[in-house]
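Letter by letter, the sequence shown follows residues -23 to -1, 1 to 328 in mature numbering (1 follows the signal peptide of the UniProt record, and there is no 0).
No residue lacks a Cβ here, since even glycine has one placed at the ideal position from N, Cα and C.
Heads up: the structure comes next, in structure tokens.
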Amino acid sequence: MLTKSIFSAIGLLALTAIPLASAQDSGTGFVFKCNRPGVVALTFDDGPGAYSQELLNILAAKSVKTTYFVIGSNVETASAGLVSEYKAGHQIGLHTYTHPHLNTLTADAQTSEIQKTKDIVKSTIGVTPSVFPSQLTISLTLHLQVYMRPPYGECLETCSNTMRGLGYTVTMWNLDSNDWTFESNLTYAHELYDNIMKGITPSDPTKDSFIILQHEIDEYSVKLVPDIIDAIRAKGYTFDTIAGCTGGAAPYTEGWGTVTGGGSSNGTNTTSSALSSVISSSISANATASFSSILASASVSTVTSHATAPGSGATTSSAPSVSKTSNSASAVSYSITMFVAVVGAVAALAL
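Take a look at the structure:
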């Protein structure tokens, strides 16, 4: 009996002594936290799945937007969940097609995993997880932020170079719920809340920010989301998507678009603003002159949507059609200033 008690105590200690941020690879341009203090980005991996709608309902009730890093093969079997997540106004990122260990794959195989996922997401929600077309005329090339998360946080040099070459921003985390560790033993599943609080409780919203990792395929993790949101808010933090909290690019090539397919359309026009975006861009000349690292923000517009209003969590199983629109930027004066700067640079290049 004593021996059993000792081993039970050891097991409990092993489960509670989990680091805040599990081991991850690092590389050029990797994102680990929000750029703005006082902001938390909730992220959910491995979906869509059986509990996607339950999570959407929770997020809608709490008025929180989040980022989903989806698996391509799951999108094929649960496309309605992805459509609902997108239509509710959440950000969609990529998490490969089969959830492999990317470091064990060749560059070509890594490319296939992420591009196949991008394609299935595009065919399902009608927009591409990206920002704007990668090239404009007069050799104006934009280096865009397309958000992906490598399974297991594994992305060494080959993976890093591959993703950067494809235009993807590798998105990690700095606060891990470690919810997956409880899949085989639900007795201690409530401790995933404690794992998050270990980072939140001693933190300072005037200085700190967090990207939190959970999984939408684990029901016990989804059910704790209301308590997690309440505790984080009580500490003084606000919530945003990855694109929003990093001050990075808006998440879709075609803008948020207008979803018109499926049975959830309410036939009314609702206008919403897309995420603020600041695009890291560079101008390269076909001749000898070149410019680099010029910051520009996205064009300013609004998106008129015929889809269910964001936050409704409505579901449709048919692939939607999407009208292409540009993304909206909140800093209008800055947008105009930087746009003029870029146009001036292009004009100078042509002289």
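Chain-order list of residues whose beta-carbon lies under 8 Å from that of residue i (same chain, five-residue window excluded)
{"i": "Lys(-20)", "result": "Model confidence at Lys(-20) stands at a pLDDT of 41, short of 50, so the residue's coordinates are unreliable; what they give is reported in the following sentence. Excluding residues within five positions, none has a Cβ falling inside 8 Å."}
{"i": "Ile97", "result": "Gly49, Val52, Glu53 and Tyr74"}
{"i": "Leu143", "result": "Thr88, Ile91, Gln92 and Val123"}
{"i": "Gly26", "result": "Asn51, Ala55, Gly58, Glu193 and Ile194"}
7 Å Cβ shell around residue i - same chain, five flanking residues per side excluded
{"i": "residue 330", "result": "With the chain running from -23 to 328 in the structure shown, residue 330 is simply not present."}
{"i": "Thr101", "result": "Val52, Ser56, Leu59, Val60 and Ala296"}
{"i": "Cys136", "result": "Leu79, Asn80, Gln87 and Pro127"}
{"i": "Thr183", "result": "Pro14 and Gly15"}
Beta-carbon contacts of residue i that lie in its chain and below 6 Å, excluding the five residues immediately before and after
{"i": "Glu31", "result": "Val199"}
{"i": "Leu201", "result": "Tyr170"}
{"i": "Gln1", "result": "Gly130 and Met149"}
Whole-angstrom distance between residue j and residue i, CA atom to CA atom
{"i": "Phe7", "j": "Thr139", "result": "13 Å"}
{"i": "Leu152", "j": "Tyr124", "result": "18 Å"}
{"i": "Glu134", "j": "Leu71", "result": "19 Å"}
{"i": "residue 329", "j": "Thr94", "result": "It is not possible to answer for residue 329, since the shown part of the chain is limited to -23 through 328."}
{"i": "Phe187", "j": "Lys10", "result": "5 Å"}
{"i": "Arg13", "j": "Pro203", "result": "23 Å"}
{"i": "Asp195", "j": "Tyr28", "result": "8 Å"}
{"i": "Thr215", "j": "Thr44", "result": "14 Å"}
{"i": "Ile205", "j": "Ile219", "result": "18 Å"}
{"i": "Ala208", "j": "Ala55", "result": "31 Å"}
{"i": "Gly213", "j": "Cys222", "result": "15 Å"}
{"i": "Thr5", "j": "His67", "result": "26 Å"}
{"i": "Asp85", "j": "Leu79", "result": "11 Å"}
{"i": "Val16", "j": "Ser40", "result": "15 Å"}
{"i": "Arg126", "j": "Ala65", "result": "21 Å"}
{"i": "Gly130", "j": "Leu19", "result": "16 Å"}
{"i": "Thr158", "j": "Arg141", "result": "30 Å"}
{"i": "Ala38", "j": "Ile189", "result": "20 Å"}
{"i": "Pro106", "j": "Glu62", "result": "13 Å"}
{"i": "Ile69", "j": "Pro179", "result": "30 Å"}
{"i": "Glu160", "j": "His167", "result": "12 Å"}
{"i": "Ser3", "j": "Thr164", "result": "33 Å"}
Helix, strand or coil at residue i [DSSP, three-state]
{"i": "Met149", "result": "coil"}
{"i": "Pro203", "result": "helix"}
{"i": "Val41", "result": "coil"}
{"i": "Gly70", "result": "strand"}
{"i": "Ile173", "result": "helix"}
{"i": "Ile102", "result": "helix"}
{"i": "Thr20", "result": "strand"}
{"i": "Tyr214", "result": "coil"}
{"i": "Gln1", "result": "coil"}
{"i": "Ile97", "result": "helix"}
{"i": "Tyr229", "result": "strand"}
{"i": "Ile194", "result": "coil"}
{"i": "Trp157", "result": "helix"}
{"i": "Ile91", "result": "helix"}
{"i": "His167", "result": "coil"}
Minimum C-alpha distance to residue i - residue among the options
{"i": "Pro128", "options": "Ala166, Asn162 and Gln87", "result": "Gln87"}
{"i": "Ile173", "options": "Trp150, Lys99 and Ala38", "result": "Trp150"}
{"i": "Asp217", "options": "Ser3, Gly24, Gln1 and Leu36", "result": "Leu36"}
{"i": "His76", "options": "Cys132, Pro106, Glu62 and Ala38", "result": "Cys132"}
{"i": "Phe21", "options": "Ala211, Asn162 and Thr148", "result": "Thr148"}
{"i": "Phe46", "options": "Leu82, Ala211 and Asp23", "result": "Asp23"}
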